[in-house]
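**Student:**
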């Protein structure tokens, strides 16, 4: 499940647009609804035209609530930048753009709202041109600009299609087996107790799992999982999740804490980082300067130790150690934001290179800088994994080239990743395709969702036709076939020659239908060689139920209107083939007389044996092939 986050100036219509798209008012606080202004994070969800369900997070636009905005925007896959057509680019638009840029949110869409207002001729084109210019030097330079009106619904369908395209360009969230949920909201419900919400990353949570609330070192257990008001057994990475925690009171935890699996992360108060100082910053960043740091939902004061020089001018970047006032949970590659405390303004950000430095580095040392640069490039396994995640289901040569590693190093990196289940090999060398765990789980979810929808629509069918599933599944044909084999082996699905079903899917009849089925089976038992015709059977149980009985092997269809039980068919087949041993022959009349059946059933049996290539017709008789 993926996450789309709004951004933009106050009163440009973010919440109104979210409500128009989803039917959900993201302004949950009474004060927000009274003031018609988003103060804290709001959440909603929708299903795109392609069937994918996504989460939406609505962030405040007012400068006084930027801190709340930062608590929610750190995990988004796609930005929905909202610009009002009557005002155009405004100060908070530019600050939000800078934040998205610092967080490397590289995929997005611009919604040009309030286009229903009376505008001067050429004004809308002018605002579009101004917006495109503002995006030019940012991560959203390629974003589509879609004119919309939440009031008249104009452009909303096109906006949804643009979001689909943007999500296609966004990288899927990786499942690294180390889940963490930065808490952005804490509340309680009668009968449930403490509930926290956040965006899950780096792994999945399982119902009943033992967890830790860090950095407070509190232990708890997951009593319940929900997404979009639907109960979950497993929550995958990337989406909004509500977690019902056992044995923890609401006053023991707060926004910025992180729910993790015990022992997977260690709190830290010092970080090695690459710091970027915005060109719009009013003055240089100086060594030892104190700033506010925002990391996902966490906020803390930090002192910046510049390691290369005494100051960073606006627009420059450099290596630094961040000394934090309070501990945080961090991982290599996390992005963060830096702000002045007063006046509150975003001035920079960067990327964490090492979440647990061994010591304070000596400043202005070439060996220290070289060490940081090597750490930034990553270990060979990290580099190879990045290549696999960027081009899922790729061959060895392509991945080795993308990783820029030599043959031996790349082979060792691949072996390490496969040993830790970070990468999966589909097929055999030299034509194997390599798949990151995140892509595998994304395709598993898509497969499960598609098959579950089919089973709900056709509960009496054994499975979905293989070709129909292939046409609906977002995977190349060869990848589809290999993944079907893999998911059948790990018991996610059952794959037959022509159909595929979820492993847990079972065709079950209700009580009334079962009575009819029992009556039909009794008719077949009473006259196994003169059974009811297909037309009579359908009249009793219905076409769908009859097809289910055939798919389950309870009945076998020999011809369009001829059915037998497997036992009856086996007896007729065995006797007929015995008569043909030693060069004998047999006619339909002989079969009819032996089984005291009709000519229609005798001919159907012989034609069935012909089709099985066991017999062949010679005149009016059959002989062994």
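In this note's numbering, the protein residues as written are 189 to 813.
Each residue gets a CB set at the ideal place from its N, CA and C atoms; glycine is no exception.
These numbers were taken from a predicted model, which means no experiment stands behind them.
(1) Give every residue of the same chain whose Cβ lies closer than 6 Å to the Cβ of residue 475, excluding the five residues on either side of it in the sequence, and list them in chain order.
(2) By the 10 Å Cβ neighbour count, where 16 or more other Cβ atoms means buried, how is residue 621 classified, buried or exposed?
(3) May I have the straight-line CA-CA distance separating residue 653 from residue 688, to the nearest angstrom?
(4) State the beta-bridge partners of residue 841 as determined by DSSP.
(5) Entirely within the segment 618-655 and at least 3 residues each: give me those beta strand (DSSP E) ranges in chain order.
(6) Considering only the alpha carbon of each residue, which of 484, 441, 573 and 518 lies closest to residue 288?
(7) Leaving out five residues on either side along the sequence, give the residues of the same chain with a beta carbon under 7 Å from the beta carbon of residue 662.
(8) As a quick exercise: from 432, 464, 283 and 507, pick the residue whose alpha carbon is nearest that of residue 381.
(9) Just to confirm, is the Cβ distance from residue 491 to residue 459 under 8 Å?
(10) Is the separation between the beta-carbon of residue 290 and that of residue 537 shorter than 8 Å?
(11) For residue 221, count neighbouring C-beta atoms within 10 Å of its own C-beta (all shown protein chains included) and say buried if the count is 16 or more, exposed if not.
(12) So does the segment 727-734 actually touch the segment 700-717, counting three or more Cβ pairs closer than 8 Å?
(13) Using only the alpha-carbon positions, how far apart do residue 685 and residue 669 sit?
(14) Would you list, in sequence order, the uninterrupted beta strand (DSSP E) runs of no fewer than 3 residues that lie entirely inside the segment 678-747?
(15) Indicate the three-state DSSP secondary structure (helix, strand or coil) for residue 388 in the structure shown.
(16) Please state if the CB of residue 373 and the CB of residue 385 are separated by a distance shorter than 8 Å.
(17) Helix or strand or just coil, what does DSSP make of residue 563?
(18) Which one of 418, 719, 632 and 641 has the shortest CA to CA distance from residue 363?
(19) Does the structure place the segment 570-581 close enough to the segment 596-614 that three or more beta carbon pairs sit under 8 Å?
(20) Quick test of your reading: residue 270 and residue 232, contact by CB under 8 Å. State the CB separation rounded to the nearest angstrom.
(21) Does the beta-carbon distance from residue 539 to residue 551 come in below 8 Å?
(22) Under three-state DSSP, which class holds residue 202?
(23) Indicate the three-state DSSP secondary structure (helix, strand or coil) for residue 798 in the structure shown.
(24) Taking the straight line between their C-alpha atoms, what separation do you get for residue 778 and residue 748?
(25) Do the segment 401-409 and the segment 435-451 touch if we need at least three Cβ pairs shorter than 8 Å?
(26) According to DSSP, simplified to helix, strand and coil, what is residue 610?
(27) Do residue 286 and residue 328 have their CB atoms nearer than 8 Å?
(28) Taking the C-alpha atoms as reference points, what is the distance between residue 647 and residue 696?
(29) My parser needs the beta strand (DSSP E) runs of 3 or more residues fully inside the segment 271-309; what are they?
(30) Among 375, 302 and 559, which one has its Cα closest to the Cα of residue 546?
(31) Assign residue 427 to one of two classes, buried (16 or more other C-beta atoms within 10 Å of its C-beta) or exposed (fewer than that).
(32) Check each candidate in 479, 209, 799 and 192 and name the one with the smallest Cα separation from residue 295.
(33) Would you say residue 598 and residue 588 are within 8 Å of each other, going by their C-beta atoms?
(34) Using the C-alpha atoms, what's the distance from residue 407 back to residue 456?
(35) Whole angstroms are fine: how far does the CA of residue 750 sit from the CA of residue 799?
(36) Any contact of the segment 465-475 with the segment 411-420, i.e. 3+ C-beta pairs under 8 Å?
**Tutor:** In this structure, then:
(1) In the chain shown, residue 475 corresponds to position 287, counting from 1. Excluding positions up to five away in sequence, the list reads 494 and 498.
(2) Residue numbering aside, residue 621 sits at position 433 when the chain shown is read from its first letter. Its Cβ being crowded by 16 or more others within 10 Å, residue 621 is buried.
(3) Residue mapping note: residue 653 aligns to position 465 of the chain shown, counting from 1. Residue mapping note: residue 688 aligns to position 500 of the chain shown, counting from 1. Spanning the alpha carbons of residue 653 and residue 688 requires a straight line of approximately 6 Å.
(4) Missing from the structure shown is residue 841; the chain here goes from 189 to 813 and no further.
(5) 621-624
(6) As a working note, residue 288 is residue 100 in the chain shown. In terms of Cα proximity to residue 288, the closest of 484, 441, 573 and 518 is 484.
(7) On the chain shown, residue 662 is found 474 positions in, with the first residue counted as 1. Once the five neighbours on either side are set aside, the close Cβ partners of residue 662 are 634.
(8) Taking the chain shown and counting its residues from 1, the one referred to as residue 381 is at position 193. Residue 432 is the option with its Cα nearest to residue 381.
(9) Start at 1 with the first residue of the chain shown, and residue 491 comes out as number 303. Start at 1 with the first residue of the chain shown, and residue 459 comes out as number 271. Contact: no.
(10) As a first step, residue 290 must be located in the chain shown, where it is residue number 102. As a first step, residue 537 must be located in the chain shown, where it is residue number 349. In contact: residue 290 and residue 537 (Cβ atoms closer than 8 Å).
(11) Residue 221 sits at position 33 when you count from the first residue of the chain shown. With a pLDDT of 40 at residue 221, under the threshold of 50, the modelled position of this residue cannot be trusted, and the question is left open.
(12) yes
(13) Working through the chain shown from its first residue, we reach residue 685 at position 497. Working through the chain shown from its first residue, we reach residue 669 at position 481. Spanning the two alpha carbons is a distance of roughly 12 Å.
(14) 681-683, 687-690 and 744-747
(15) To locate residue 388, count along the chain shown from 1; it is residue 200. DSSP places residue 388 in coil when its eight states are reduced to three.
(16) By one-based count along the chain shown, residue 385 stands at place 197. By one-based count along the chain shown, residue 373 stands at place 185. A distance below 8 Å separates the beta carbons of residue 385 and residue 373.
(17) Position 375 of the chain shown, counted from the start, is the residue given in the question as residue 563. Residue 563 falls in the helix class under three-state DSSP.
(18) Along the chain shown, one-based indexing puts residue 363 at 175. Cα-wise, what sits closest to residue 363 is 632.
(19) yes
(20) Numbered from its first residue, the chain shown carries residue 270 at position 82. Numbered from its first residue, the chain shown carries residue 232 at position 44. Residue 270 to residue 232, Cβ: 14 Å. No contact.
(21) As a position in the chain shown, residue 539 is number 351, starting the count at 1. As a position in the chain shown, residue 551 is number 363, starting the count at 1. No. Outside cutoff.
(22) To locate residue 202, count along the chain shown from 1; it is residue 14. Residue 202 falls in the helix class under three-state DSSP.
(23) Here residue 798 corresponds to residue number 610 of the chain shown, with the count starting at 1. The answer is helix: DSSP assigns residue 798 an H, G or I state.
(24) Within the chain shown, the letter at position 590 stands for residue 778. Within the chain shown, the letter at position 560 stands for residue 748. One C-alpha to the other measures close to 23 Å.
(25) yes
(26) Residue 610 sits at position 422 when you count from the first residue of the chain shown. Residue state, collapsed to three classes: coil.
(27) Here residue 286 corresponds to residue number 98 of the chain shown, with the count starting at 1. Here residue 328 corresponds to residue number 140 of the chain shown, with the count starting at 1. In this structure, residue 328 does not lie closer than 8 Å to residue 286 by Cβ.
(28) The residue you call residue 647 lines up with position 459 of the chain shown. The residue you call residue 696 lines up with position 508 of the chain shown. For residue 647 and residue 696, the distance between alpha carbons rounds to 8 Å.
(29) 296-301
(30) Numbered from 1 along the chain shown, position 358 holds the residue referred to as residue 546. Among 375, 302 and 559, the Cα nearest to that of residue 546 belongs to 559.
(31) For this step, residue 427 is matched to residue 239 along the chain shown. Buried.
(32) Position 107 of the chain shown holds residue 295. Of the candidates 479, 209, 799 and 192, the one whose C-alpha sits nearest the C-alpha of residue 295 is 192.
(33) Stepping through the chain shown from its first residue, residue 598 is reached at position 410. Stepping through the chain shown from its first residue, residue 588 is reached at position 400. It is a contact, given that the beta carbons lie within the stated cut-off.
(34) Along the chain shown, read from residue 1 onward, the residue named residue 456 stands at position 268. Along the chain shown, read from residue 1 onward, the residue named residue 407 stands at position 219. Each residue's Cα considered, the two are about 19 Å apart.
(35) To locate residue 799, count along the chain shown from 1; it is residue 611. To locate residue 750, count along the chain shown from 1; it is residue 562. Rounded to whole angstroms, residue 799 to residue 750 spans 15 Å at the Cα level.
(36) no
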